[in-house]
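Colleague:
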Amino acid sequence: MRIVNKAKMTFRFDEQGRETQKNDDSFPARSSQEVSNISSEKPNHLSANYRAVETVDYWGDPLTDRAATGIAVFPDQGEPGDGDYYVRRTRTSWWKVAGSLTGAIVTGALFGFVVLSMFNQEITVPIPGIGVPTQKAAGEAADIPVLGSVITEKQAPLVQVVLPSQSYHFLQYGVFSTAEGVELAQQQLRDSGIAAARDTVDEKRVYAGVSPDREEAKLLSNRLKTGGVHLILHEISLPESATVEYNGEAALLQQYLAQSADLVYMLSSSSAALLGEASPSRQSQEEMERLRESHQLWTKSAAAIRGKLSAAIDGEAKEMEKAMNSAVEAMEEFNEKGEQTMLWEVQNEVMRFILAEQKLIGV
Numbered sequence: 001m002r003i004v005n006k007a008k009m010t011f012r013f014d015e016q017g018r019e020t021q022k023n024d025d026s027f028p029a030r031s032s033q034e035v036s037n038i039s040s041e042k043p044n045h046l047s048a049n050y051r052a053v054e055t056v057d058y059w060g061d062p063l064t065d066r067a068a069t070g071i072a073v074f075p076d077q078g079e080p081g082d083g084d085y086y087v088r089r090t091r092t093s094w095w096k097v098a099g100s101l102t103g104a105i106v107t108g109a110l111f112g113f114v115v116l117s118m119f120n121q122e123i124t125v126p127i128p129g130i131g132v133p134t135q136k137a138a139g140e141a142a143d144i145p146v147l148g149s150v151i152t153e154k155q156a157p158l159v160q161v162v163l164p165s166q167s168y169h170f171l172q173y174g175v176f177s178t179a180e181g182v183e184l185a186q187q188q189l190r191d192s193g194i195a196a197a198r199d200t201v202d203e204k205r206v207y208a209g210v211s212p213d214r215e216e217a218k219l220l221s222n223r224l225k226t227g228g229v230h231l232i233l234h235e236i237s238l239p240e241s242a243t244v245e246y247n248g249e250a251a252l253l254q255q256y257l258a259q260s261a262d263l264v265y266m267l268s269s270s271s272a273a274l275l276g277e278a279s280p281s282r283q284s285q286e287e288m289e290r291l292r293e294s295h296q297l298w299t300k301s302a303a304a305i306r307g308k309l310s311a312a313i314d315g316e317a318k319e320m321e322k323a324m325n326s327a328v329e330a331m332e333e334f335n336e337k338g339e340q341t342m343l344w345e346v347q348n349e350v351m352r353f354i355l356a357e358q359k360l361i362g363v
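With the UniProt record's numbering, letter number 227 in the sequence shown gets 227, and the count goes up by one each step, no holes.
1. Buried or exposed: residue 214, going by 16 or more other Cβ atoms within 10 Å of its Cβ?
2. Are there 16 or more other CB atoms within 10 angstroms of the CB of residue 307, so buried, or fewer, so exposed?
3. I need the DSSP call for residue 244, collapsed to helix, strand or coil.
4. Can you give, in chain order, each stretch of the alpha helix (DSSP H) that sits fully within the stretch 245-298 and has at least 4 residues?
5. With distances taken between CB atoms, is the gap from residue 331 to residue 346 smaller than 8 angstroms?
6. Please go through the stretch 148-228 and give each complete beta strand (DSSP E) segment of 3 or more residues, from N-terminal end onward.
7. Who are the near neighbours of residue 220 in its chain, counting only those whose CB is closer than 6 angstroms to its CB and skipping five residues on each side?
8. Roughly how many whole angstroms lie between the Cα atoms of residue 138 and residue 359?
9. Tell me the DSSP secondary structure of residue 321 in three-state form.
10. With H, G and I counted as helix, E and B as strand and the rest as coil, what does DSSP make of residue 339?
11. Could you compute how far the alpha carbon of residue 260 sits from the alpha carbon of residue 224?
12. Where does residue 360 sit, in a helix, a strand or coil, going by DSSP?
13. Between which two residues does the beta strand (DSSP E) containing residue 237 stretch?
14. Please classify residue 101 as buried or exposed, where buried requires at least 16 neighbouring CB atoms within 10 angstroms.
15. Let me confirm a value: residue 118 is counted as buried when at least 16 other C-beta atoms fall within 10 Å, else exposed. Which label applies?
16. Just the C-alpha distance for residue 163 and residue 198, rounded to the nearest angstrom, thanks.
17. Check whether the Cβ atoms of residue 216 and residue 165 sit closer than 8 angstroms, and answer yes or no.
18. Check this for me: beta carbons of residue 242 and residue 350, under 8 angstroms apart or not?
19. Once the 5 residues before and after residue 189 are set aside, which same chain residues still bring their CB inside 8 angstroms of it?
20. Can you tell me which of the three DSSP states residue 351 falls into?
21. Report the CB separation of residue 158 from residue 245 in whole angstroms; it is logged as a contact under 8 angstroms.
22. Can you give me the Cβ contacts of residue 287 inside the same chain, cut-off strictly under 8 angstroms, excluding the 5 residues immediately before and after it?
23. Taking the C-alpha atoms as reference points, what is the distance between residue 335 and residue 284?
24. Taking the CB atoms as reference points, tell me whether residue 156 and residue 222 lie closer together than 8 angstroms.
25. Tell me whether residue 346 sits in a helix, a strand or coil according to DSSP, three-state version.
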């Protein structure tokens with residue numbers, strides 16, 4: 001800090017031009033004795049050596065002549081009364097460590113849940129500047145995420161039905177250990193112009209024909225044996241009652257199954273008997289008219305139960321409907337053209353129907 005003396009000074013010159021200084025408001029000069037007394041006075045406080053300590057944050061006064069040097073001065077010796085001291089070491093708190101770990105785990109779990117929820121589209125996290133979810137209008141139901149499996153359709157109730165007595169004699173071509181063997185056997189039968197069907201229950205079996213009458217089945221087997229095809233008889237019987245998943249009137253389902261048994265008997269018996277002959281003859285007009293009437297009634301019954309069976313067996317019902325229509329169509333074509341291959345086609349489609357019915361009624 002600068003001290004300015006405002007005392008007035010007067011300059012006078014003598015005759016030789018020498019300057020004489022005189023202070024108008026000068027102070028009386030101190031004597032040498034006063035000066036010696038001042039220098040011999042001792043301070044009341046203890047003397048101390050000072051050391052410079054550099055401070056990190058120092059703000060100088062911008063109005064002073066010199067810039068701030070960032071240096072503070074502290075006494076080199078301690079102040080009077082200072083004594084011994086010690087530093088207390090802070091011990092680690094295990095409760096704080098456990099709390100920190102628990103907080104980190106909980107935070108990670110919450111973050112993972114949010115990420116998984118975003119991928120599963122259960123919650124929506126808005127991103128600022130990109131999009132804001134719109135609120136539902138008043139009174140409108142909000143979307144609630146549902147966890148777990150979703151039932152898409154109502155399960156059909158179980159219906160008990162009574163079936164007519166049915167027993168069929170299949171001409172078994174063989175039992176094979178692999179699927180490739182089964183396919184090869186079917187292809188061999190088709191190449192020979194013979195029917196070929198695969199068992200839907202025991203998929204290792206391959207059949208070449210079927211008849212409700214055992215003697216007719218034997219006759220057909222002997223005829224094929226002369227052509228080099230060796231077959232054995234395998235009997236399949238359907239139960240007299242069954243429980244079916246069906247969402248409709250039980251009487252309609254029972255009527256459909258009864259009409260199916262009549263048609264299968266007519267088609268399998270007539271086609272097997274004709275194939276047992278050396279030269280198959282066409283059926284009479286009465287036989288064909290009865291076949292058409294039975295097929296027409298069966299078609300109405302099939303339409304009445306269509307779509308009312310459970311999804312698990314609906315495929316078998318469609319397979320049965322397709323096989324029956326193809327068998328009747330093949331019999332019509334045989335009666336028009338007299339081609340023996342059409343009789344084998346009837347046999348093939350009838351076997352498909354019976355094997356599909358096995359799965360439908362749960363054999």
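All C-beta atoms, glycine included, are put in the ideal place defined by N, C-alpha and C.
Modeller: To lay it out plainly:
1. Walking along the sequence shown from the start, residue 214 turns up at place 214. By the 10 Å Cβ count, residue 214 comes out exposed.
2. The residue labelled residue 307 in the question sits at position 307 within the sequence shown. Looking at its Cβ environment, which holds fewer than 16 other Cβ atoms inside 10 Å, residue 307 is exposed.
3. Mapped onto the sequence shown, residue 244 falls at position 244. If DSSP states are grouped into helix, strand and coil, residue 244 belongs with the strands.
4. 250-275
5. Locating residue 331 in the sequence shown gives position 331, where the first residue counts as 1. Locating residue 346 in the sequence shown gives position 346, where the first residue counts as 1. Going by C-beta atoms, residue 331 is nearer than 8 angstroms to residue 346.
6. 158-162, 166-175 and 205-211
7. Your numbering for residue 220 matches position 220 in the sequence shown. Hits under 6 angstroms: 209, 272, 275 and 276.
8. Taking the first residue of the sequence shown as position 1, residue 138 is located at position 138. Taking the first residue of the sequence shown as position 1, residue 359 is located at position 359. Note on residue 138: pLDDT 43, under 50, position unreliable in the model; the coordinate value appears next. Straight-line Cα distance between these residues: approximately 53 angstroms.
9. Along the sequence shown, read from residue 1 onward, the residue named residue 321 stands at position 321. Note: residue 321 maps to helix in three-state DSSP.
10. Translated into the one-based positions of the sequence shown, residue 339 becomes position 339. Of the three classes helix, strand and coil, the one that applies to residue 339 here is coil, per DSSP.
11. Taking the sequence shown and counting its residues from 1, the one referred to as residue 260 is at position 260. Taking the sequence shown and counting its residues from 1, the one referred to as residue 224 is at position 224. Taking the straight line joining both Cα atoms gives about 28 angstroms.
12. Counted from its first residue, the sequence shown places residue 360 at position 360. Residue state, collapsed to three classes: helix.
13. If you number the sequence shown from 1, residue 237 lands on position 237. Segment 232-238, the beta strand (DSSP E) holding residue 237.
14. Translated into positions along the sequence shown, residue 101 becomes position 101. It counts as exposed.
15. Taking the sequence shown and counting its residues from 1, one reaches residue 118 at position 118. Exposed, by the Cβ-count rule.
16. On the sequence shown, residue 163 is found 163 positions in, with the first residue counted as 1. On the sequence shown, residue 198 is found 198 positions in, with the first residue counted as 1. The alpha-carbon atoms of residue 163 and residue 198 are separated by roughly 24 angstroms.
17. Within the sequence shown, the letter at position 216 stands for residue 216. Within the sequence shown, the letter at position 165 stands for residue 165. No, they are not a contact pair.
18. Against the sequence shown, residue 242 aligns to sequence position 242. Against the sequence shown, residue 350 aligns to sequence position 350. For residue 242 and residue 350, no; Cβs fall outside 8 angstroms.
19. For the purposes of this step, residue 189 is identified with residue 189 of the sequence shown, where counting begins at 1. Once the five neighbours on either side are set aside, the close Cβ partners of residue 189 are 173, 195, 196, 206, 208 and 229.
20. Residue mapping note: residue 351 aligns to position 351 of the sequence shown, counting from 1. Three-state DSSP puts residue 351 in a helix.
21. Walking along the sequence shown from the start, residue 158 turns up at place 158. Walking along the sequence shown from the start, residue 245 turns up at place 245. Going by Cβ atoms, the distance from residue 158 to residue 245 rounds to 6 angstroms, so yes, they are a contact pair.
22. The sequence position of residue 287 within the sequence shown is 287, counting from 1. The answer, listed in chain order, is 270.
23. Locating residue 335 in the sequence shown gives position 335, where the first residue counts as 1. Locating residue 284 in the sequence shown gives position 284, where the first residue counts as 1. Approximately 9 angstroms, taken between the alpha carbons.
24. Translated into the one-based positions of the sequence shown, residue 156 becomes position 156. Translated into the one-based positions of the sequence shown, residue 222 becomes position 222. For residue 156 and residue 222, no; Cβs fall outside 8 angstroms.
25. The residue given as residue 346 occupies position 346 in the sequence shown. Looking at residue 346 - three-state DSSP - the assignment turns out to be helix.
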